[in-house]
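Participant: The opening position of the sequence shown corresponds to residue 1398 in the working numbering, with each subsequent residue numbered one higher. Glycine included, each C-beta is placed from N, C-alpha and C at the ideal position. Predicted model, so just to flag it, every value in this text is computed and none were measured. Can you keep this structure in mind? I'll have questions shortly.
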Amino acid sequence: MVPDAGAHSRDRPRQRRVHRGVPDDRQPAPGRRRNASDEGVGAERTSKVAGRKGLSVRPPVPESGLYAPPPALRSLTVAPRPSGLLSPGVSVVIPVKDDAPALDRCLEALSRQTQPAAEVIIVDNGSSDDLREVTERWGAQVLHEPEPGIPAASTTGYDAARYSVIARLDADSVPPPDWIASGLRALEGAPLAAAVTGPGDFYDGPKYGSRMLAALYLGAYFSSIRLAVGETPLFGSSFFLRAEAWRAVRSSVHRWGTTLHDDLDLTIHLTPEHAIVYDPSVRVGISFRPFAKWKTFGLRLHRGFVTLAVHWPGDSALLRMRRRILDRLPGENTDDDRLPSPMA
């Protein structure tokens, strides 16, 4: 009679699996499956999972180089969450790299505001020009973010803001004297909104038709993003964001990468829980330089498409609308309704 090998293996006591490098008192008991909560066991896997869920830093295109994780993990770690009440006032955040002349013009315009900013934070993203001389002349606070990319630079500035409203400008933005006053007035007029954003006008564009070109460009931007995600997008050259809203999403936004559209990424993570309002009074002067060459204009378009692809299809306009409808129904829970991105 041939013995039943399966029965023999079932009757045989299970051997204890020893994990190399783990103290005896921390070894899992025989018969119990190891899980990620065992100290010293699976720590690497746990940290990877925590990083993906907490920071949304999964490379959507592995091995492509577009989203290769940076060598230093420092920029992937969110700074400690600020505690206590924020002081009333405006923190202006300006990310910059090798654009000292434009920044000088921007800071001069900020110095003429009818309602001055409480602080101006310049985030240097690896400049090699005379940026230091410019910032010292205007007394702006300078932070250094070595991780390349606007997402890393801008989020570093938002984290450092100490006041209740975060205002964002690009280095080549030229705000009119009432820009801060208009932004605060727009926020006061929309108490349920987390942010207000506005348009721009080219100050160095063609002699004729610059205003029309700006209207066409920004009209296409706002319309296409509303169509894609069903929300009013932030325009990075001019927006005002309540600091409490930033604190609510700071752990989920993408904080690195050179091919992400940081304004659009922040828009997707803010909405629909935090509303964004478009107000034409929050207007700034913007540079025509990015549109003077097809290469730079194409890079902007590429960043927009990549950012949408990273969040697709879970943040498409149709699924966002579906979640809104379900959220209004009693007893509905849509926490698990979001579909994973095929690029995640």
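(1) Mind checking which residues open and close the beta strand (DSSP E) that includes ARG1639?
(2) Whole-angstrom Cβ separation of LEU1500 and VAL1489, contact assumed at under 8 Å?
(3) From what residue to what residue does the alpha helix (DSSP H) around THR1532 run?
(4) Check whether the Cβ atoms of VAL1681 and PRO1588 lie closer than 8 Å to each other.
(5) Here's a check: name, in chain order, each residue in its chain whose Cβ is nearer than 7 Å to the Cβ of THR1655, leaving out the five neighbours to either side.
(6) Figure out for me which residue from VAL1593, PRO1513, GLY1602 has the closest Cα to the Cα of PHE1632.
(7) Give the DSSP bridge partners of ILE1722, in chain order.
(8) Report yes if the C-beta distance between ALA1590 and ALA1672 is below 8 Å; otherwise report no.
(9) Nearest chain D C-beta to PRO1498 closer than 8 Å, yes or no?
(10) Assign HIS1541 to one of three DSSP states: helix, strand, or coil.
(11) Taking the beta strand (DSSP E) that VAL1520 belongs to, which residues open and close that run?
(12) If you draw a straight line from the alpha carbon of ALA1465 to that of TRP1653, how long is it in whole angstroms?
(13) DSSP three-state call for ASP1495: helix, strand or coil?
(14) Can you find at least 3 beta carbon pairs, one from the region 1593-1612 and one from the region 1521-1532, that sit closer than 8 Å?
(15) Considering only the alpha carbon of each residue, which of LEU1667, LEU1657, ASP1724, ARG1725 lies closest to LEU1696?
(16) In its own chain, which residues sit with a C-beta less than 6 Å from the C-beta of PRO1485, not counting the 5 before and 5 after it?
(17) Write down the C-beta distance between ALA1611 and ASP1598 rounded to the nearest angstrom, noting that I regard them as a contact closer than 8 Å.
(18) Would you call TRP1576 buried or exposed, if buried means 16 or more other Cβ atoms sit within 10 Å of its Cβ?
(19) Considering only their Cβ atoms, is the gap separating SER1634 from SER1570 smaller than 8 Å?
(20) Looking at the unbroken alpha helix (DSSP H) that takes in SER1620, where does it start and where does it end?
(21) Can you tell me whether DSSP reads PRO1727 as helix, strand or coil?
(22) Taking 8 Å as the cut-off, decide whether the C-beta atoms of TRP1627 and ARG1717 are in contact.
(23) Report buried or exposed for LYS1692, applying the criterion of at least 16 other Cβ atoms within 10 angstroms of its Cβ.
(24) In terms of alpha-carbon separation, which member of ARG1559, ARG1719, ILE1518, TRP1535 lies closest to GLU1542?
(25) Could you give the DSSP three-state label for ALA1583: helix, strand or coil?
Facilitator: On the basis of the supplied data:
(1) For the purposes of this step, residue 1639 is taken as the residue at position 242 of the sequence shown. Where ARG1639 is concerned, the enclosing beta strand (DSSP E) stretches over 1636-1639.
(2) Residue mapping note: residue 1500 aligns to position 103 of the sequence shown, counting from 1. Residue mapping note: residue 1489 aligns to position 92 of the sequence shown, counting from 1. Distance from LEU1500 to VAL1489 at the Cβ level is roughly 12 Å; contact not present, criterion being Cβ atoms closer than 8 Å.
(3) What you label residue 1532 is simply residue 135 of the sequence shown in a count that begins at 1. Looking at the DSSP string, the run of the alpha helix (DSSP H) that includes THR1532 is 1528-1535.
(4) The residue given as residue 1681 occupies position 284 in the sequence shown. The residue given as residue 1588 occupies position 191 in the sequence shown. Cβ distance not < 8 Å, so VAL1681 and PRO1588 don't count as in contact.
(5) Taking the sequence shown and counting its residues from 1, the one referred to as residue 1655 is at position 258. Excluding sequence neighbours, THR1655 sits near PRO1545, GLY1546.
(6) Working through the sequence shown from its first residue, we reach residue 1632 at position 235. The shortest C-alpha separation from PHE1632 is found at VAL1593.
(7) Taking the first residue of the sequence shown as position 1, residue 1722 is located at position 325. Per DSSP, none; premise fails for ILE1722.
(8) By one-based count along the sequence shown, residue 1590 stands at place 193. By one-based count along the sequence shown, residue 1672 stands at place 275. Contact flag set, yes.
(9) No chain D is part of this structure, which consists of one protein chain only.
(10) Walking along the sequence shown from the start, residue 1541 turns up at place 144. HIS1541: strand per DSSP, three-state reduction.
(11) The count along the sequence shown starts at 1 and reaches residue 1520 at position 123. Residues 1516-1521.
(12) Counting from 1 along the sequence shown, the entry for residue 1465 is found at position 68. Counting from 1 along the sequence shown, the entry for residue 1653 is found at position 256. With a pLDDT of only 32 at ALA1465, under the threshold of 50, the placement of this residue in the model should not be trusted; the figure read from the coordinates follows. Approximately 10 Å between the Cα atoms of the pair.
(13) Locating residue 1495 in the sequence shown gives position 98, where the first residue counts as 1. If DSSP states are grouped into helix, strand and coil, ASP1495 belongs with coil.
(14) no
(15) Position 299 of the sequence shown, counted from the start, is the residue given in the question as residue 1696. Comparing Cα-Cα distances from LEU1696 to each of LEU1667, LEU1657, ASP1724, ARG1725, the minimum goes to LEU1657.
(16) As a working note, residue 1485 is residue 88 in the sequence shown. Taken in chain order, the residues that qualify are SER1561.
(17) Here the question's residue 1611 lines up with position 214 in the sequence shown. Here the question's residue 1598 lines up with position 201 in the sequence shown. With a Cβ gap of about 5 Å, ALA1611 and ASP1598 count as contacting.
(18) Mapped onto the sequence shown, residue 1576 falls at position 179. TRP1576 comes out buried.
(19) By one-based count along the sequence shown, residue 1570 stands at place 173. By one-based count along the sequence shown, residue 1634 stands at place 237. Yes, these two residues count as a Cβ contact at 8 Å.
(20) Position 223 of the sequence shown, counted from the first residue, corresponds to residue 1620. Counting along the chain, the alpha helix (DSSP H) containing SER1620 begins and ends at 1607-1626.
(21) Counting from one through the sequence shown, the residue named residue 1727 turns up at place 330. Three-state DSSP puts PRO1727 in coil, outside helix and strand.
(22) Here residue 1627 is taken as the residue at index 230 of the sequence shown, counted from 1. Here residue 1717 is taken as the residue at index 320 of the sequence shown, counted from 1. As written in the sequence, residue 1627 is Gly, which differs from the Trp given in the question. Yes, the pair counts as a contact, with Cβ atoms nearer than the cut-off.
(23) The residue given as residue 1692 occupies position 295 in the sequence shown. Looking at its Cβ environment, which holds fewer than 16 other Cβ atoms inside 10 Å, LYS1692 is exposed.
(24) Locating residue 1542 in the sequence shown gives position 145, counting from the first residue. Of ARG1559, ARG1719, ILE1518, TRP1535, the residue nearest in Cα terms is ILE1518.
(25) Here residue 1583 refers to the residue found at position 186 of the sequence shown. In this structure, ALA1583 counts as helix in the three-state DSSP scheme.
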